[in-house]
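Working notes for the structure below.
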Amino acid sequence: MASSSEKVKVLGFWVSPFVRRVEWALKLKGVDYEYIEEDIFNKSSLLLKLNPVRQKVPVLVHDLKVVAESYVILEYIDEIWKQNSLLPLDPYQRAMARFWAKFAEEKVFETAWNALCSGGEEKEKALKIAIESLEILEGEAKKIQNFFGGDRIGYLDIAMGWIGYWLPVWEQVGCMSILDPLKFPATSAWAKRFISHPLIKHNLPPREEMLVYFDKRSKELSSISQGWIKV
Amino acid sequence: MEEEHNKVTLHGVLNSTFTKRVEFALKVKGIPYEFVVENLTNKSPLLLKYNPVHKKVPVLVHNAKPICESLIILEYIDEAWKNGAKLLPKDSYIRAQVRFWISYIQQQMFEAMTLVVSTDGETQEKAIKELYEKFEVLEKGMKDLFPNGTFDGKNVGFLDIIMCSVFGPYKVQEQVLGIKVIDQERNPIIFSWVTALNELPLVKEITPPHEELVAVLQTFRNFSLNLAMLDHLIAIKVCVLCSSC
Chain A
4 MASSSEKVKV
14 LGFWVSPFVR
24 RVEWALKLKG
34 VDYEYIEEDI
44 FNKSSLLLKL
54 NPVRQKVPVL
64 VHDLKVVAES
74 YVILEYIDEI
84 WKQNSLLPLD
94 PYQRAMARFW
104 AKFAEEKVFE
114 TAWNALCSGG
124 EEKEKALKIA
134 IESLEILEGE
144 AKKIQNFFGG
154 DRIGYLDIAM
164 GWIGYWLPVW
174 EQVGCMSILD
184 PLKFPATSAW
194 AKRFISHPLI
204 KHNLPPREEM
214 LVYFDKRSKE
224 LSSISQGWIK
234 V
Chain B
-13 MEEEHNKVTL
-3 HGVLNSTFTK
7 RVEFALKVKG
17 IPYEFVVENL
27 TNKSPLLLKY
37 NPVHKKVPVL
47 VHNAKPICES
57 LIILEYIDEA
67 WKNGAKLLPK
77 DSYIRAQVRF
87 WISYIQQQMF
97 EAMTLVVSTD
107 GETQEKAIKE
117 LYEKFEVLEK
127 GMKDLFPNGT
137 FDGKNVGFLD
147 IIMCSVFGPY
157 KVQEQVLGIK
167 VIDQERNPII
177 FSWVTALNEL
187 PLVKEITPPH
197 EELVAVLQTF
207 RNFSLNLAML
217 DHLIAIKVCV
227 LCSSC
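Those sequence lines, one after another, are chains A and B. Number 175 in the working numbering belongs to position 172 of the first sequence; there are no gaps in the numbering. Number 50 in the working numbering belongs to position 64 of the second sequence; there are no gaps in the numbering.
See the structure below:
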């Protein structure tokens, strides 16, 4: 059999949570792939050729077909490789998973990132929204035993997985408290379970290097900040 | 009772691009529904119950279960009603491309347009330039993805619905802003695509009159510009207070 890892490639950046989502999905499905590291601050001709529109990672290449945008890639992966489905089968449950993924992305991820990269009133405003939004998510986390996908990791777990690993780094770098385990016990417990999963814990960037990277990056972005920063 | 169980209700407002796209999808799929007009300045208890998180429209209620967020509702409609017209292509790769461009229109282009509508002066000039650049990107993208044409005149898909809801009313946008939004010479593919969509009886059925949309957009523009001026005035006031200490 021809090596399947030659057929699937992931163009990524080591510290990007968006890229890890794609890798987690492929690992959960047992799909071999070749990882190609991209320096997003010095974009290669390969990236510009594969994703000329957004010029961003992750990019998935499957049998010469190119797919960009992490959520678009997740849906593609789930359709092509049918084992270990990421999204539920029921249309309503699928809609709920997509809804909460979007909510977490816009109201927790983007606001936590903005809080990290801003100061003063902007930071306080962003923190408030992030924490209020986590309160809503906590209600959903209380309903589950193991993962949002049930006994297995699913789409929503992958979408929100950054909370268990990137968020604590941002909290430390930005001297912020967002995911307080006393205030959010269910979300904290889920995040711990997710990060400890064998397929996830061996596919995370090194923490010390993340601290250095985000410290530098947040300072760079703060100095040019004028209002909300798009990630 | 089976009838109640399959009942479809759409909670929305009449002049919203987001509500309109759901209506369009329901009509394309031939799904009967009841439209409940919501008053966003005085939100109904039912809306707050169905969308406690965002308290926004549109909300689709099917089998007594609410679904929120227009793009998620469209995916749901396509998945829950398997018979009849398909909104997304069958091929997974083309689906991924369509999803990519929907995201581009909704996030990149819609936001660029919102910036053009809600600003003036130099900020607006810069925003207009960026919007035109994005139109060029979309023009090329559609040419590459659909070499035989974006729309065949009858089979409406997800991408057509989104494009129609955002840029279908381009003449309204042009009138309010006093600029060209879709230029036939610069973007021939987009121009003929949107023109063909606007000709559809379904689209004419759900589109409010031109003057009404102009009034709504003008009100939004005035409100946004006044807000910006208010922020500016507050900033000046703060500076004055600080400098007097």
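Glycine included, every Cβ here is placed at the ideal spot set by N, Cα and C.
Closer than 7 angstroms at the beta carbon, the chain A residues around residue i
i	result
F86 (chain B)	A71, E72 and V75
G127 (chain B)	V56
Y90 (chain B)	V56
Identity of the residue in the options nearest residue i by Cα
i	options	result
P187 (chain B)	B:L216, B:V142, B:G164 and B:L211	B:V142
G(-2) (chain B)	B:N37, B:G135 and B:H196	B:N37
Y62 (chain B)	B:V45, B:S78 and B:T100	B:V45
F132 (chain B)	B:R7, B:T205 and B:R81	B:R81
I59 (chain B)	B:G139, B:Q161, B:V(-6) and B:T205	B:V(-6)
A214 (chain B)	B:D106, B:K51, B:M99 and B:L12	B:D106
V176 (chain A)	A:K186, A:A28, A:L89 and A:D218	A:D218
F16 (chain A)	A:Y38, A:K10 and A:K30	A:Y38
P195 (chain B)	B:V8, B:I176 and B:G154	B:G154
L62 (chain A)	A:L130, A:E26, A:V215 and A:F102	According to the sequence provided, residue 62 (chain A) is Val. The question's Leu does not apply to it. Among A:L130, A:E26, A:V215 and A:F102, the Cα nearest to that of V62 (chain A) belongs to A:E26.
A71 (chain B)	B:I17, B:V22, B:Y79 and B:K112	B:I17
Contact set between residue i and chain B, taken where Cβ atoms lie within less than 7 angstroms
i	result
F102 (chain A)	C54, E55 and I58
F106 (chain A)	V39
K68 (chain A)	Y79
Proximal chain B residues relative to residue i, where beta-carbon distance stays under 8 angstroms
i	result
R97 (chain A)	E61, Y62 and E65
A94 (chain A)	Ala is not the amino acid found at residue 94 (chain A); the sequence shown has Pro there. Correct list: Y62, E65 and A66.
E78 (chain A)	R81, A82 and R85
Chain A contact residues for residue i, given Cβ-Cβ distances below 9 angstroms
i	result
K41 (chain B)	Residues of chain A passing the Cβ test: none, with the nearest at roughly 12 angstroms.
Y202 (chain B)	Looking at the sequence provided, one finds Val at residue 202 (chain B) rather than Tyr. Simply none; closest approach about 25 angstroms.
Opening and closing residue of the beta strand (DSSP E) in which residue i lies
i	result
P52 (chain B)	K51 to C54
T(-5) (chain B)	V(-6) to G(-2)
F21 (chain B)	E20 to V23
Cut-off 8 angstroms between Cβ atoms - residues of its own chain near residue i, not counting five sequence neighbours on either side
i	result
D93 (chain A)	none
E122 (chain B)	R172 and N173
S225 (chain A)	C120, S121 and G122
S2 (chain B)	V43 and P44
C225 (chain B)	With a pLDDT of 49 at C225 (chain B), under the threshold of 50, the modelled position of that residue is not reliable, and no figure is offered here.
E24 (chain B)	H(-3), G(-2), V(-1), S30, L33 and V43
I88 (chain B)	L57, F144, L145 and I148
S230 (chain B)	Its pLDDT being 43, under 50, S230 (chain B) is placed unreliably by the model, and nothing is read from it.
P75 (chain B)	R81, V84 and G143
K46 (chain A)	Q58
Y216 (chain A)	V18
Cutoff 7 angstroms; reference residue i; Cβ partners in own chain excluding five residues on either side
i	result
H40 (chain B)	C54
W84 (chain A)	K32 and V34
Q110 (chain B)	V102
E(-12) (chain B)	Low local confidence applies: a pLDDT of 44 at E(-12) (chain B) is under 50, so the model's placement there is unreliable, and no value is given.
V234 (chain A)	Residue confidence for V234 (chain A) is low, a pLDDT of 40 falling below 50, so the modelled location carries little weight; the figure read from the coordinates is stated next. The residues are E113 and W116.
L51 (chain A)	Q58
V162 (chain B)	V200, L203, Q204 and R207
I175 (chain B)	E125, M128, K129 and T136
Which residues DSSP lists as bridging residue i, in chain order
i	result
V45 (chain B)	B:H(-3) and B:C54
L14 (chain A)	A:I39 and A:V62
A71 (chain A)	A:V62
F150 (chain A)	A:G153
Cβ shell of residue i (< 6 angstroms), same chain only, five flanking positions each side left out
i	result
N(-8) (chain B)	none
A104 (chain A)	L159 and A162
G164 (chain A)	F197
R23 (chain A)	none
P20 (chain A)	W165 and W169
D64 (chain B)	L73 and L74
Start and end residues, alpha helix (DSSP H) containing residue i
i	result
V34 (chain A)	No alpha helix (DSSP H) contains V34 (chain A), which DSSP labels as neither H nor E.
K112 (chain B)	G107 to L131
L186 (chain B)	Here L186 (chain B) belongs to no alpha helix (DSSP H), and DSSP marks it neither H nor E.
Q96 (chain A)	P94 to A107
A192 (chain A)	P188 to S199
I80 (chain B)	S78 to S89
L89 (chain A)	No alpha helix (DSSP H) holds L89 (chain A); DSSP gives it neither H nor E.
R7 (chain B)	T3 to V14
V103 (chain B)	F96 to S104
F144 (chain B)	F144 to F153
Q237 (chain B)	The question about residue 237 (chain B) has no answer here: the residues shown for chain B are numbered -13 through 231.
R220 (chain A)	R210 to S226
Y158 (chain A)	Y158 to M163
heavy atom of the ligand HEM below 8 angstroms from residue i C-beta
i	result
E108 (chain B)	The ligand HEM is not part of the structure shown, which contains no ligands of any sort.
Interface partners of residue i on chain B, CB under 9 angstroms
i	result
I139 (chain A)	P38 and V39
I83 (chain A)	S78 and Y79
Amino acids of chain A, ordered along the chain, whose beta-carbon sits closer than 8 angstroms to that of residue i
i	result
K51 (chain B)	Y95
V123 (chain B)	V56
Beta carbon proximity, residue i to chain D, threshold 9 angstroms
i	result
H48 (chain B)	Structure shown: chain D not included; protein chains present are A and B.
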